[in-house]
Amino acid sequence: MMMHLVKKDFLLAKKYWIVMLIASVALPVFIHIKLGFMAQGFLTFFLSTLYILYLLFSTVSMIEYKYRGSTFLCATPYTRQKIVKSKYYFALTIFIGCYMLYTVTAFVAPVQMDVLGPADIGWSFLIITVIFGAIIPVQFYFGYEKSKYIFMFFVFLMPFVFPTVLKSFQASGAGLAVTLPGYPLVQDALLALLALLIGRISMEVSVRIYANKNL
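Heads up: the sequence shown is residues 22 to 236, going by this note's numbering.
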């Protein structure tokens, strides 16, 4: 049943599939070239995935808001809890798809791009989970129309702010290298587990908000 809800979100955005597939390949190359000496696998993948995920998620939210899709779904056997959870699985599926397309692009691109390591994937997954872990509950609470401009401004400002912040960390010798106990693979696994924990907490908050929402 959950997969049907995720499939429904992809079908709502079917008009944009071709555009997003092209963007998933072209955007990492474009960002890589624009970043110049700061070009890294992590930063290129993170920024391109953030854009694509936000655009697809916003597109589906806009269509559901316009046609009151979620309201009608609540009149079906689908529970509010499953409707909420499907949004998180939808975002996770897009993240995985972006990773696969980025990996293919890194091998065939006309410019030399870094192949993602476990740490790159872990940090990208963690930061995107934090961002969407905030976006989804707020959107459920205030509604798409009231919250869209805030997050649109935030997401599109990210490419200008994040590289500068990262550059400052690198200059100080900190970077993204946080010392965690254990071997590197254990550290990477801890990043993924932390992201899943944050996602789980966000999901529970969203479920509670939507369960009490008057549709």
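Cβ coordinates follow ideal geometry from the N, Cα and C atoms, glycine included.
Is the number of C-beta pairs between the stretch 159-177 and the stretch 76-92 that are closer than 8 Å three or more?
-> When Cβ pairs closer than 8 Å are counted between the two stretches, the stretch 159-177 is seen to touch the stretch 76-92, the count reaching three or more.
Residue closest to LEU122, alpha-carbon to alpha-carbon, out of ASN233, PHE31, LEU48 and ALA34 | Sorting ASN233, PHE31, LEU48 and ALA34 by C-alpha distance to the C-alpha of LEU122 places LEU48 at the top.
With a 10 Å radius around its C-beta and 16 neighbouring C-beta atoms as the bar for buried, classify LEU64 as buried or exposed.
-> When all chains shown are included, LEU64 counts as buried.
When the Cα atoms are used, what is the spatial distance from LYS106 to VAL81?
-> Taking the straight line from one Cα to the other gives about 15 Å.
Determine the burial state of TYR231: buried for a count of at least 16 other Cβ atoms within 10 Å of its Cβ, exposed for fewer.
-> TYR231 is buried by the Cβ-count criterion.
Buried versus exposed call for THR97 [16 or more other C-beta atoms within 10 Å across all chains shown] = Label assigned to THR97: exposed.
In the DSSP assignment, find the alpha helix (DSSP H) that holds GLN208 and state where it starts and stops.
-> 205-232 is the extent of the alpha helix (DSSP H) around GLN208.
Note the first and the last residue of the continuous alpha helix (DSSP H) segment covering MET23.
-> For MET23, the uninterrupted alpha helix (DSSP H) run begins and ends at 23-33, by DSSP.
Whole-number beta carbon distance between TYR109 and ILE157, since they are thought to touch under 8 Å = Rounded, the Cβ-Cβ distance is 7 Å, consistent with contact.
How big is the Cα-Cα spacing for VAL40 and VAL46?
-> Cα atoms of VAL40 and VAL46: separation of roughly 10 Å, rounded to the nearest angstrom.
Is THR306 helix, strand or coil when you go by DSSP?
-> Not covered by the structure: residue 306. The range shown for the chain is 22 to 236.
Leaving out five residues before and five after PRO216 in sequence, what residues of the same chain have Cβ atoms less than 7 Å from its Cβ?
-> Correcting the residue identity first, residue 216 is Ala in this sequence and not Pro. Excluding positions up to five away in sequence, the list reads PHE146, LEU147 and THR150.
Would you identify the three-state DSSP class for ASP141, choosing helix, strand or coil?
-> In the structure shown, ASP141 falls within a helical segment according to DSSP collapsed to helix, strand and coil.
Is the distance from the Cβ of PHE153 to the Cβ of LEU74 below 9 Å?
-> With contacts defined by Cβ atoms closer than 9 Å, PHE153 and LEU74 form a contacting pair.
Within 10 angstroms of its Cβ, does ALA195 collect 16 or more other Cβ (buried), or is it exposed?
-> Below a pLDDT of 50, predicted positions are generally treated as unreliable, and ALA195, at 49, falls in that range; no measurement from the model is reported.
Would you grab the beta carbon distance between PHE174 and SER227 for me? Rounded to a whole angstrom, and I think it's under 8 Å.
-> With a Cβ gap of about 22 Å, PHE174 and SER227 do not count as contacting.
Check whether LEU206 and PRO139 have beta carbons under 9 Å apart | Against a cut-off of 9 Å, the Cβ pair of PRO139 and LEU206 comes out as a contact.
Using the Cα positions of LEU26 and ILE104, report the straight-line distance between them to the nearest angstrom.
-> The straight-line gap from Cα to Cα measures roughly 7 Å.
Between the Cα of LYS36 and those of LEU76, SER223, MET24 and GLU225, spot the shortest distance and give me the residue it belongs to.
-> Each of LEU76, SER223, MET24 and GLU225 was checked against the Cα of LYS36, and the nearest Cα belongs to LEU76.
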